[in-house]
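2 protein chains.
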Amino acid sequence: MNPHKNIYFIDMLSGLHQSPIISNLKTLSVIIGTISPISPIQPQIILRRNFISPMAEESLRRSLAEKQSTIEARGNAIRELKSSGASKSEIDDAVKALNALKLEKTSIENQLKASISSSGGGDTNDAFRQAVVNTLERRLFFIPSFKIYRGVAGLYDYGPPGCAVKSNVLAFWRQHFVLEEDMLEVDCPCVTPEVVLKASGHVDKFTDLMVKDEKTGNCYRADHLLKDYCKEKLENDLSISADKAAELKHVLAILDDLSGEQLGAKLKEYGIVAPDTKNPLSDPYPFNLMFQTQIGPSGASTGYMRPETAQGIFVNFKDLYYYNGNKLPFAAAQIGQAFRNEISPRQGLLRVREFTLAEIEHFVDPDDKSHPKYSEVANLKFLMFPRGEQLSGQSAKRLSLGEAVSEGIVNNQTLAYFIGRVYLFLTRLGINEERLRFRQHLPNEMAHYAADCWDAEIESSYGWIECVGIADRSAYDLRAHTDKSGAQLVAQEKFAAPKEVEKLVITPVKKELGLAFKGSQKMVVEALEAMNEKEAMDMKAALETKGEVDFKVCTLEKTVTIKKSMVSISKEKKKEHQRVFTPSVIEPSFGIGRIIYCLYEHSFYMRPSKAGDEQLNVFRFPPLVAPIKCSVFPLVQNQQYEEVAKQISRSLTAAGISNKKDITGTSIGKRYARTDELGVPFAVTVDSTSSVTIRERDSKDQIRVNVDEVAAVIKEVSEGRCTWADILQKYPAHTSASADDEN
Amino acid sequence: MNPHKNIYFIDMLSGLHQSPIISNLKTLSVIIGTISPISPIQPQIILRRNFISPMAEESLRRSLAEKQSTIEARGNAIRELKSSGASKSEIDDAVKALNALKLEKTSIENQLKASISSSGGGDTNDAFRQAVVNTLERRLFFIPSFKIYRGVAGLYDYGPPGCAVKSNVLAFWRQHFVLEEDMLEVDCPCVTPEVVLKASGHVDKFTDLMVKDEKTGNCYRADHLLKDYCKEKLENDLSISADKAAELKHVLAILDDLSGEQLGAKLKEYGIVAPDTKNPLSDPYPFNLMFQTQIGPSGASTGYMRPETAQGIFVNFKDLYYYNGNKLPFAAAQIGQAFRNEISPRQGLLRVREFTLAEIEHFVDPDDKSHPKYSEVANLKFLMFPRGEQLSGQSAKRLSLGEAVSEGIVNNQTLAYFIGRVYLFLTRLGINEERLRFRQHLPNEMAHYAADCWDAEIESSYGWIECVGIADRSAYDLRAHTDKSGAQLVAQEKFAAPKEVEKLVITPVKKELGLAFKGSQKMVVEALEAMNEKEAMDMKAALETKGEVDFKVCTLEKTVTIKKSMVSISKEKKKEHQRVFTPSVIEPSFGIGRIIYCLYEHSFYMRPSKAGDEQLNVFRFPPLVAPIKCSVFPLVQNQQYEEVAKQISRSLTAAGISNKKDITGTSIGKRYARTDELGVPFAVTVDSTSSVTIRERDSKDQIRVNVDEVAAVIKEVSEGRCTWADILQKYPAHTSASADDEN
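Protein sequence lines, in the order shown, are assigned to chains A and B.
For what it's worth, full-length UniProt numbering labels the leading residue of the first sequence as 1, then goes sequentially.
For what it's worth, full-length UniProt numbering labels the leading residue of the second sequence as 1, then goes sequentially.
Spelled out as structure tokens, the structure:
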């Protein structure tokens, strides 16, 4: 085990930094990831890995190529020896030497294979993921949708425990954001008319590049085919040169930034064909990822299934602003389904065609992005990965939000406040804070209008996964809908007293301009009026000193001479009673399904059964998200105990605590194992009619509690009003050596 | 006010009972409704109405027609008098008599107008609905979706208070059904592949009949046009005869049962044209109401937005049965969006293109539909409207569920149990139990496979609205998916000991049959094998006594003679270890949006302001569903009080109680009015720093409570652990004559 976790990353980054295209880091961090083999029993070693540096890989590829050419040269030499009639002993010696060389080559090949397969820890990760996914599927946390009809790629059902986890996550989201931050929650339809998504840009730009099998019409994502080709070559073709390997790695790194033409050129260069048929492929072209439909029967009204929930909030801005008493800032929130008609979904539960989003749009005065509750998060300290660290090849580092804001790393207090709240939300759900980082977008990753963007990335067996995006989108969205709809999506700030403001006034003297420029007059007037304050004041100064000035009129593509008589420029004082402006929006957007999947991985571990003959699966969900809070078992099959179990179950249900009775005759150890595998944090075992034991899942500690106190104890600890440690203090430990603790 | 609420209904029904088509009652009950003018201040008079019986209307129409023809005859007579040169006095007398007749006619016309407009209480209902809907829209309970783009018919957003009500209703649904009944909740995608909806029948049968304007292509629902025509004639054309009026009413009553051809014929008969252009219309043809889309990019995989959530449960039956330990009965549940691409949505919030359903599929052994918790609901007594009462023209009556089951009115205990649970659910939400009835489907309303169906109907300003359907769908759905998918969606009952069962064994003797029937042998063999037990035993008896028997072979379309030698029929005893069967499913299906809309109407009332100068709106939501549980007001603008208000608000939030501060300088009376209009049940007014007042919305009672107890008191009463009456006992009343109670 080599703990140099980030060497590979650093090397790749510095290499890329020198390349002309540096817009690849996002992809890169996903591809090379910092994927870890996870030891579920010892979570503290999660961040280590088997590792051979890429430098080693490169030198192995070079040695292999050298060895190969030496072997070829020696082979030729032997043939020459033979044809020139050399002595047998001479030939034998040469063959012996050649065989030794071949052995050395095999040894290098083996080292290279080991190097490739260990970088990224692929096998260990795959095995871990398989263990998690198998458990999830067997216990119906999820079910491939429409399974009996052989399913549909990218569609999954939440089965009973998955559905309960989801509903708990959403309830906590509502408490943590909507209720605690006093947000205005809305609920808009999924079916959305085209005009809305035209304004938002989705109709034109929400696309992936696709290629078609020219004979069968089968469709593929162009970047997937190129990625598969490069990975396949890198992993399985030991004969490629170190230079070729570097080239392929570079292609993988810049994949997301290739244009359709560049992708098409690469596919052609590498001779990539349709994987299923080996037929030639079309050139890449954009495929819109929205599910399209028709609203109403006429066929005249195109609609789409919304790709995000945010647009429903933006179009309601005016009403929501009014509801909030025409005051800023305020936040609106929405939880709902969103859709993405993937060309060919991969990555299991992480890349799906329908998913639940929870989105917040916090509207704020662009001139004042302070946040009243900022001080509550300023001291939080966690892994952040600012732009500077990414570009200079450093790794994520622990920063306090307060430092990040005061050093200008995070753009403003409100953005920082939400980053902090997201951190609290995710870690309280049970996301391992060692495997959570906030990565800042690089300038080229962000839209031109965005002020700053941070992704909450969670490390999983697939690498670092973007689960929450927190973006300061400036006034872009409201402006886009104002332009398209004509509705003024703006806010007003009424001044306590009228304010005197200085306004630039440019008055072209049309008569003079007409005489001087005749037919071009209009363009000159427009150019004069379009000057900004600095340009105008410079012109004013020049006219006053020199009487005339050169002035470039772009629309005429020439420079003209402006005389003092042709324009008057002044600053006038005006009284204004209010300020009208388009608010900025800060948008935290949560991929609920991704968060839940990462939570599954972070919560999963295995431990040996008591007999030591098998590994048992456990999900260490906190009570907050556990699908069922409590199991209730009679120790043995016995009517009295079953009656008590029923009574306890009823009292738990009445208290709103989800619970599950298991009155099968299975051994208590097996019943514990079953319930551990569902992540149930507490198990009540009825072994008398007056008091019972409560067992905590991870510690396996047991306490004795009176039957009529059980519901209250479980409720308190499930709802987070006290911890298991508090409970342990209060109730006597149960230390029976009997069969009831065979797990 | 005439309290004969159901006379109209009875007459219509008995009239219809004589008509050949009696399948019209459902429509009828919606059209003529039992719509009531609602007095929000005195809910006890809700069920009364202004009323003139249809008999009066009919006799008025007849008098009017008689009067008209007398007038015409007299007119002719006068013309004859004139042309025959009668005396002026003779003519004057005749004209005078004619004018008297015309006055009488006008009087009858006025009576008839009054009769038409009062039946159904249309105006009062419309005014009440307008008041509710205006309040809902002004306070953002709902918002027409995409309003700034002029909206889309049939799509609505839930604004902040509406969204909170919805989320409270769903949370209670989860507690009341999923948790208390131990159901398996699932969450499946909206996007559904065609094969699933082909199996369920939706691809072929989920349609409405549509006509097109032959020139413009505008689309209309055929039944809407016919309905509009009939209503317009009945309401505004006083000249139609009583027979014509009866015919039009009959058409309205049978509207839902007309085939495309019948509808087309009626449209032609009445000369109905496109309402917008007066162009001719196409013949009616079925339009599928599902939103269609394509899954993936190839165009080869058609999908639909699901029209209901139930199919997601059926296709998962096998996994869910396994999850439940391969035991019946069990119920699965799902909450989610469903879609219906209406041709032209009407009825505002009741008929929408996207809506939330909450559905339960309770799987049960068809041979044992008893329910273990049946006794908990058997004594519930409420309005039921069984088939017999509908067909014999009686009205809904109060029945206990126990009676209904023991008298065979409700098919089985499990169905009855869910009817009872639905009753409890709706009334606990705040639905007025006087305006809630359970109406049984008539035989022709039910699918052929259904064993029994009941709708929970809630009376609103639109009439009685189906809000929950509770159907025993037998094994239909599981069988349909078994047939289509090949997956065996069945249950097993393992016998404790092998059971000896008698099985009918029919063994055709092929040699004899071949000789006798040659080429037709195969059909005869199949017909013999297809006999049921009775047919086979009858044949056996006949063969034993007479040696041969006539036997009709349908596939041959003739009767053949079967001799004793041709078939052996016996009953054999076999040992069976288990029974394999397709479970029956009992399906309660909740239209959440409709329930919420009816709840709004049932909760809305107006009361005069203290000054008596205006009517104030109030929603009397129970705390369970209220969007905000508590308002917090400082009595006057004052930093100390605001600090206390903040502190109380924080403590409420921490306890998970939604609350809203109002620190504006508005008078306390106006602030109470604002919060009453949102249905907030409790208001805390800070008028000192140690103790505050809590006011209950409907009674306006106030109590004094210490600041640090407020959150606990509000939590208890909001979560239903105690009532306001309990609280009144415990805390001193606040009886200030000061300005803080000006409402």
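Glycine included, each C-beta is placed from N, C-alpha and C at the ideal position.
Looking at C-beta atoms only, is the number of pairs between the stretch 369-379 of chain A and the stretch 428-437 of chain A that lie closer than 8 Å three or more? No contact exists between the stretch 369-379 of chain A and the stretch 428-437 of chain A.
Is there a C-beta anywhere in chain A that falls below 8 Å from the one on N316(B)? yes
Chain B residues whose Cβ lies nearer than 9 Å to that of Y158(A): E185, V186, D187, C188
If we ignore side chains and look at the alpha-carbon of each, how far apart do I32(B) and G463(B) end up? Low local confidence applies: a pLDDT of 32 at I32(B) is under 50, so the model's placement there is unreliable, with the coordinate-based value given in what follows. The alpha-carbon atoms of I32(B) and G463(B) are separated by roughly 8 Å.
Taking C163(A) as the query, report the chain B residues whose CB atoms sit under 8 Å from its CB, ordered along the chain. E185, V186, D187
Members of the stretch 350-374 of chain B near chain A, C-beta cut-off 8 Å: Under the 8 Å Cβ criterion, the stretch 350-374 of chain B contributes R353, E354.
Looking at the C-beta of T675(B), does it have a partner C-beta in chain A at a distance below 8 Å? no
CA-to-CA distance, G217(B) to T192(A), given in whole angstroms: 23 Å
Alpha-carbon spacing of W724(B) relative to D708(B), whole angstroms: 19 Å
Could you name the residues of chain B that C219(A) contacts, counting a contact when the two beta carbons are closer than 8 Å? G296, P297, S298
Relative to the C-alpha of A536(B), which residue among H250(B), V501(B), V567(B), I596(B) is closest? V567(B)
Does Y321(A) come within less than 8 Å of chain B when only Cβ atoms are used? No, its Cβ sits nowhere closer than 8 Å to a Cβ of chain B.
Can you tell me whether DSSP reads R100(A) as helix, strand or coil? In the sequence as displayed, the identity of residue 100(A) is Ala instead of Arg. Helix at A100(A).
One question on the structure: do A331(A) and H371(A) come within less than 8 Å of each other, judged by their Cβ atoms? No, these two residues do not count as a Cβ contact at 8 Å.
Interface partners of residue 788(A) on chain B, CB under 7 Å: Chain A is shown from 1 up to 743; residue 788(A) falls before or after that span and cannot be answered.
Under 8 Å between the Cβ atoms of F619(B) and G656(B)? The answer is no: Cβ separation not under 8 Å.
Between which two residues does the beta strand (DSSP E) containing S589(B) stretch? For S589(B), the enclosing beta strand (DSSP E) has its first and last residue at 584-591.
Interface residues of chain B around I143(A) at Cβ under 7 Å? N316, D319
Given T302(A), which residues of its chain have a CB within under 6 Å of its CB, disregarding the five upstream and five downstream residues? E194
Spatial distance of L28(B) from K249(B) (CA atoms): Note that L28(B) scores 32 on pLDDT, short of 50, meaning its location in the model is unreliable; the coordinates nonetheless yield the value given after this. Cα to Cα, the separation comes out at about 9 Å.
First through last residue of the beta strand (DSSP E) which encompasses K559(A): Residue identity check: residue 559(A) is Thr in the sequence provided, not Lys. Note, T559(A): beta strand (DSSP E), 558-563.
Segments of 4+ residues assigned as alpha helix (DSSP H) that fall wholly inside the stretch 426-513 of chain B: 476-485
Distance, Cα to Cα, I727(A) vs V717(A)? 8 Å
Could you check where the alpha helix (DSSP H) with R387(B) kicks off and where it finishes? 387-391
Quick one: list the residues of chain A neighbouring E72(B), beta-carbon separation under 9 Å, in chain order. Ordered by position in chain A, no residue passes the 9 Å Cβ test against E72(B), which lies about 47 Å from the chain.
Would you list the one or two residues that DSSP bridges to C190(B)? Paired residues: none, contrary to the question.
Proximity winner among V152(A), S658(A), K730(A), S461(A), relative to residue 747(A) (alpha-carbon distances): Coverage of chain A is limited to positions 1 through 743, which leaves residue 747(A) absent and any answer about it impossible.
Kindly list, in the order they appear in chain B, the residues whose Cβ is closer than 8 Å to that of N279(A). Under the 8 Å cutoff, chain B gives no residues; its nearest Cβ is about 15 Å from N279(A).
Residues in its own chain within less than 6 Å of P443(B) by CB, not counting five upstream and five downstream? none
Would you kindly work out how many angstroms separate the C-alpha atoms of G388(A) and A447(A), rounded to a whole number? 18 Å
Taking 8 Å as the CB-CB limit, is N341(B) close to chain A? yes
Taking C-beta pairs closer than 7 Å, name the residues in chain B that H481(A) reaches, listed in chain order. I148
State yes or no: is the C-beta of Y158(B) within less than 8 Å of the C-beta of V315(A)? no
Could one say the Cβ of Q390(B) lies closer than 8 Å to chain A's Cβ atoms, at least one of them? no
Give the residues of chain B in contact with V191(A), contact being defined as C-beta atoms less than 8 Å apart. Going along chain B in sequence order, the residues near V191(A) (Cβ under 8 Å) are V152, L155, F291, M305, F339, R353, E354.
Could you tell me whether the Cβ atoms of L140(A) and Y323(B) are closer together than 8 Å? Yes, the Cβ-Cβ distance between L140(A) and Y323(B) is below 8 Å.
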